[in-house]
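**Student:** Questions regarding the structure given below will be posed in turn.
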Amino acid sequence: MIDLRNLTMICAFLNGADACTIVLQNGAGPALKCATIFLLIILYRTPNVRFREERPTVDNPLSFQEVLLRLQSFWADYGCTIWQPYNLQVGAGTMNPATFLRVLGPEPWNVAYVEPSVRPDDGRYGDNPNRMQYYYQYQVILKPDPGNPQEIYLASLEALGIDRRQHDIRFVEDNWEQPAVGAWGLGWEVWLDGQEITQFTYFQQMGGQPLSPVSVEITYGVERIALALQGVDSAWDIKWDPHSDLTYGDIYQRSEWEHCVYYFELADAEQLSQVYDTYEAQASKALDHDSPLVLPAHDYVLKMSHTFNVLDTRGAIGVVERAEYFKRMQRLAARVASAYVAQREELGHPMLPTDWQVDEESGTILGPERAVPESVTSKYPSRAVPYVLEIGVEELPAHEVDNAIAQLEELVPAKLDEARIDYKSVYVGGTPRRLVVLIDNVAPDQRAEERIERGPPTRVAFDNDGKPTKAAEGFANKFGLSADALARREIDGGEYVIALIRDEGRPPADVLGEIMPELIKSISFGKAMRWNWSEVGFSRPIRWYVSLLGSAIVPFSYADVHADRLSFGTRPMGSPEVRITSAQSYLELINRQGIIIHPDERRTEIELQINGLAHEVGGRIMFDPDLLDEVTNLVEQPTVFRGSFSEDFLELPDAVLTTVMRKHQRYFAMVDDKGNLMPYFVGVRNGDDEHLDMVIKGNEHVIRARFADARFFYNEDIKHSLEHYVGELKTLTFQETLGSYYEKIVRLEGFTARLGTRVGLNDDEIDQAIRSARLSKADLTTQMVVEMTSLQGEMGRHYALRSYEAESIATAIAEHYLPRFAGDRLPETTIGLAVA
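Here's what the structure looks like:
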């Protein structure tokens, strides 16, 4: 076998091998494919040479190191600079200067590298199957946005053997921020059959500096990808290389245990605090140099960050100290970023392409010259026809789909009325990838309008002889009239000249082309982002528009995106081009792609399918309207599936299982006729039912791992009584000026004692209320609640009962959070009421 990547073996073959197979690895770039042709020319007379493409399969998945090599090869072929891991402990690939510094300023930068990441607090002594303090990320930066980064990313998954037709790949909202270094961005978690495998972010700010151009960050979770590919339940069982039985655990499990012992048990807090101060002083010294030393300063900020993480893991950072530590890091990170930007400006931005445009007056870098759309000459209909606008986007957050639809339902009629466009009705729909407006029976002519324009007072408009003055003539000329056409009218107690204007109207296509950019600009979102040189803000990047009046294109441009008639199908099918022939045919053509445009129709379809699958096994769905609304707007083509899990997990509290299913996985839980949880879950795939067995298998693997994590947290928590966790509240910040949660419960005990007498509690009940107040926040430091904060109070109740606290105390712990929102239930017990 000859691998085209192994030139030594190729040479060996040329020197006399009798027969071989030449393998073109999936993901090989153009250069390697050219090499295939070259070899064919040389070897065409050799009868035993055969060519095939080798792809990883379910039965032959990639090893861990092959995943890294494939990613390296893919992004090198794409044109990225291949960087190396940084030689310091970092919490994420973002902190490598190849990202943190290079995303600053205007110079383009495409880079890819593997980054070992260290997060001490995530350590679990090597006992947890999926949680560790040391792991790998594969980091990619694309600057500026290439215009199709999601498609490029999905191609990289194909190179790993992940066929989008055989899996459920989702882009689920994730808003990233790192306050300690003044950084934030918007994007997604990328899910593979329910497992997060990548963080995909459009950076908006780094080191306190707004970014222009915006950079795309793609951060692969390498272990998670290997877990999914190999189908193993524990990261420690990941096969490391294809040539041996070496596992991830063989290499790292012992070092994981040793580092955890150090971080959690041995690290000397006093000495490390002094080290932190030293690192801070050295960073400042580097920045205070006549010519600021950016990289040495950045190195010391990284050391500060890691030292802080160790101190935090050791439980050595109190409430006031935490805020101060963060401020110190943030100040220095901002200084590093500012110094780097100034340094590159002083150097004249040497990596800036010569063909990029620069504003001559301000010196602002405008980027490459933007393509100007070809002028469109269309014959517009002379009768009433429908108009369609499709705004094609990268996946919107689920709640923003409904938000945008609601706004468009109000904005569109208002804009049309203001523009004097008559129509019959307006239909608005949307999915994560498109917002759609269909206007039925748009009139062939803009409605004519007569209006009065007020001019100057008559005493100014005419001289003593009654002849028009220059003021009158200028006013008349403004509207294409002669001064003789002006009339006089009494207005607000004074006499003025007026012009009677009749606007006969323009073709509706011209008017629609003007108001559509205004319409899109008018849509507001909770959080908006920039992504290209236009600097326009939207919830997620806009990638295409369909704009048709009848069968004619209505041209317009907004955010450097130009209207056309091309739409795109679903992601599982590779987003095929869909040529929309007319506004009349839009819904039919989109429906052929399996896409259900309106959320109400998708919701109905999902409800029908989930109830049917539950009925098949004698169960019923635990109805959750909020979850139903969310999953409705996470998919374009809903296909429901049912998975199962081991009944052993039913030993965990119901609240834990349902929270994992609902909050983490967006699954619907199922109960029997007695209301008991069943070992099933129901999920919703984006796509058709092809290869649904593989999607189910992948999701079952993920839920097993999730439940195994939950069982680990639970078993660790119940090693101690609930009272044990009260002391740990001393290091948990409540509010910077109000102290820790421990200080909060001390105050709460005092308030409860005084309030108890006022609400008529007897002495025994007051004692129980005070005890409830003391334990009310204890579960905040348990591993389960740290992992799933929505379980606060509920786990407190459960752990209180396991700790042999009275039922009334356990109930009050759960009730003291009530009500949690408008319309929520109120505490039902007097003790719970007193603590709440």
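Per this note's numbering, the sequence shown starts with residue 7, numbered consecutively.
All C-beta atoms, glycine included, are put in the ideal place defined by N, C-alpha and C.
Are the CB atoms of I603 and V442 nearer to each other than 8 Å?
**Tutor:** Your numbering for residue 603 matches position 597 in the sequence shown. Your numbering for residue 442 matches position 436 in the sequence shown. Closer than 8 Å, so yes.
**Student:** Buried or exposed for M790, going by 16 or more other Cβ atoms inside 10 Å?
**Tutor:** Taking the first residue of the sequence shown as position 1, residue 790 is located at position 784. Label assigned to M790: buried.
**Student:** What does a CB cutoff of less than 6 Å around L839 pick up in its chain, not counting 5 residues either side in sequence?
**Tutor:** In the sequence shown, counting from the first residue as 1, residue 839 sits at position 833. Cβ neighbours of L839 beyond the five flanking positions: P833.
**Student:** Okay, do the region 590-600 and the region 420-427 touch, 3+ Cβ pairs below 8 Å being the bar?
**Tutor:** Short answer: they don't touch.
**Student:** What residues are listed by DSSP as bridge partners for A241?
**Tutor:** Residue 241 sits at position 235 when you count from the first residue of the sequence shown. Answer is none; A241 lacks a bridge partner.
**Student:** Determine the direct distance from the alpha carbon of N102 to that of R341, and round the result to whole angstroms.
**Tutor:** Position 335 of the sequence shown, counted from the first residue, corresponds to residue 341. Position 96 of the sequence shown, counted from the first residue, corresponds to residue 102. One C-alpha to the other measures close to 16 Å.
**Student:** Check N21 in the structure and name its three-state DSSP category.
**Tutor:** Stepping through the sequence shown from its first residue, residue 21 is reached at position 15. With a pLDDT of only 43 at N21, under the threshold of 50, the placement of this residue in the model should not be trusted, and no figure is reported.
**Student:** From the DSSP secondary-structure annotation, give me the bridge partner or partners of R494.
**Tutor:** Residue 494 sits at position 488 when you count from the first residue of the sequence shown. R494 is bridged to V503.
**Student:** What three-state label does DSSP hand I671 in the structure shown?
**Tutor:** Here residue 671 refers to the residue found at position 665 of the sequence shown. Before going further, note that residue 671 is Gln rather than Ile in the sequence given. Coil.
**Student:** May I ask which residues mark the beginning and end of the alpha helix (DSSP H) holding I586?
**Tutor:** Walking along the sequence shown from the start, residue 586 turns up at place 580. Note, I586: premise wrong, no alpha helix (DSSP H); not H, not E.
**Student:** By how many angstroms is the C-alpha of R389 removed from the C-alpha of A828?
**Tutor:** Locating residue 828 in the sequence shown gives position 822, counting from the first residue. Locating residue 389 in the sequence shown gives position 383, counting from the first residue. Whole-angstrom Cα-Cα distance: 51 Å.
**Student:** In three-state terms, what does DSSP make of Q95?
**Tutor:** Working through the sequence shown from its first residue, we reach residue 95 at position 89. Coil at Q95, not helix or strand.
**Student:** Over what stretch of residues does the alpha helix (DSSP H) that includes V418 continue unbroken?
**Tutor:** The sequence position of residue 418 within the sequence shown is 412, counting from 1. Looking at the DSSP string, the run of the alpha helix (DSSP H) that includes V418 is A404 to E424.
**Student:** Along the chain, where does the beta strand (DSSP E) that runs through G193 open and close?
**Tutor:** In the sequence shown, the residue the question calls residue 193 occupies position 187. A189 to L198 is the span of the beta strand (DSSP E), which, as asked, contains G193.
**Student:** How big is the Cα-Cα spacing for L452 and A589?
**Tutor:** Position 446 of the sequence shown, counted from the start, is the residue given in the question as residue 452. Position 583 of the sequence shown, counted from the start, is the residue given in the question as residue 589. For clarity, residue 452 is Gln in the given sequence; the question names Leu instead. Distance between the alpha carbons of Q452 and A589: 19 Å.
**Student:** What beta strand (DSSP E) runs, 3 residues minimum, are completely inside the region 419-490?
**Tutor:** Segments of the beta strand (DSSP E) lying fully in the region 419-490: 431-437, 440-448 and 455-463.
**Student:** Between the Cα of F481 and the Cα atoms of D773, A493 and D471, which residue gives the shortest distance?
**Tutor:** Counting from 1 along the sequence shown, the entry for residue 481 is found at position 475. It is A493.
**Student:** Going by DSSP, what residue range makes up the beta strand (DSSP E) through M684?
**Tutor:** Here the question's residue 684 lines up with position 678 in the sequence shown. L683 to N692 is the span of the beta strand (DSSP E), which, as asked, contains M684.
**Student:** Looking only at DSSP bridge pairs, what is W182 linked to?
**Tutor:** As a working mapping, residue 182 is identified with position 176 in the sequence shown. In DSSP, W182 forms a bridge with G191.
**Student:** Taking G436 as the reference, which of F468, I244 and L395 has the closest Cα?
**Tutor:** As a first step, residue 436 must be located in the sequence shown, where it is residue number 430. Here the closest residue by C-alpha is L395.
**Student:** At which residues does the beta strand (DSSP E) containing K149 begin and terminate?
**Tutor:** Working through the sequence shown from its first residue, we reach residue 149 at position 143. Taken as a continuous stretch (DSSP letters only), the beta strand (DSSP E) holding K149 covers Y140 to K149.
**Student:** In terms of residues, what are the limits of the beta strand (DSSP E) holding E121?
**Tutor:** For the purposes of this step, residue 121 is identified with residue 115 of the sequence shown, where counting begins at 1. Per DSSP, E121 belongs to the beta strand (DSSP E) from W115 to V124.
**Student:** If we call anything under 8 Å between Cβ atoms a contact, is G213 one with A292?
**Tutor:** In the sequence shown, counting from the first residue as 1, residue 213 sits at position 207. In the sequence shown, counting from the first residue as 1, residue 292 sits at position 286. Result no, Cβ atoms of G213 and A292 do not sit closer than 8 Å.
**Student:** Can you tell me whether DSSP reads L372 as helix, strand or coil?
**Tutor:** Working through the sequence shown from its first residue, we reach residue 372 at position 366. Three-state DSSP puts L372 in a strand.
**Student:** Between the alpha carbons of A806 and D630, how many angstroms are there, rounded?
**Tutor:** Taking the sequence shown and counting its residues from 1, the one referred to as residue 806 is at position 800. Taking the sequence shown and counting its residues from 1, the one referred to as residue 630 is at position 624. Straight-line Cα distance between these residues: approximately 28 Å.
**Student:** Quick check on the DSSP output: the alpha helix (DSSP H) that includes Y254 runs from which residue to which?
**Tutor:** Counted from its first residue, the sequence shown places residue 254 at position 248. Per DSSP, Y254 belongs to the alpha helix (DSSP H) from Y254 to V267.
**Student:** Could you tell me if E286 is buried or exposed, where buried requires 16 or more neighbouring beta carbons within 10 angstroms of its beta carbon?
**Tutor:** On the sequence shown, residue 286 is found 280 positions in, with the first residue counted as 1. It is buried - the Cβ of E286 has at least 16 other Cβ atoms within 10 Å.
**Student:** Is the Cβ-Cβ distance between S778 and I724 less than 8 Å?
**Tutor:** The sequence position of residue 778 within the sequence shown is 772, counting from 1. The sequence position of residue 724 within the sequence shown is 718, counting from 1. No, the Cβ-Cβ distance between S778 and I724 is not below 8 Å.
**Student:** Should A489 be listed as close to the ligand MN, given that the test is whether its C-beta is under 7 Å from any heavy atom?
**Tutor:** With respect to the ligand MN, the structure shown offers nothing to examine, as it has no ligands at all.
**Student:** Can you look up S650 in the DSSP assignment and give me helix, strand or coil?
**Tutor:** For the purposes of this step, residue 650 is taken as residue 644 along the sequence shown, with counting starting at 1. Note: S650 maps to strand in three-state DSSP.
**Student:** From the DSSP output, which residues share a beta bridge with E396?
**Tutor:** Counting from one through the sequence shown, the residue named residue 396 turns up at place 390. E396 pairs with V442 and V552.
**Student:** Mind checking which residues open and close the beta strand (DSSP E) that includes F206?
**Tutor:** Working through the sequence shown from its first residue, we reach residue 206 at position 200. Here the beta strand (DSSP E) through F206 covers Q201 to M212.
**Student:** Kindly list the residues whose CB is nearer than 6 Å to the CB of T610, restricted to its own chain and excluding five residues on each side of it in sequence; keep chain order.
**Tutor:** Your numbering for residue 610 matches position 604 in the sequence shown. Within the same chain, T610 has no close Cβ partners at all.
**Student:** From T664 to A675, what does the alpha carbon distance come to, in whole angstroms?
**Tutor:** For the purposes of this step, residue 664 is identified with residue 658 of the sequence shown, where counting begins at 1. For the purposes of this step, residue 675 is identified with residue 669 of the sequence shown, where counting begins at 1. Those two C-alpha atoms are separated by around 6 Å.
**Student:** Under 8 Å by Cβ, that's how I've got P403 and E179 pegged, so tell me the actual separation to the nearest angstrom.
**Tutor:** Along the sequence shown, read from residue 1 onward, the residue named residue 403 stands at position 397. Along the sequence shown, read from residue 1 onward, the residue named residue 179 stands at position 173. Correct: roughly 4 Å between the Cβ atoms.
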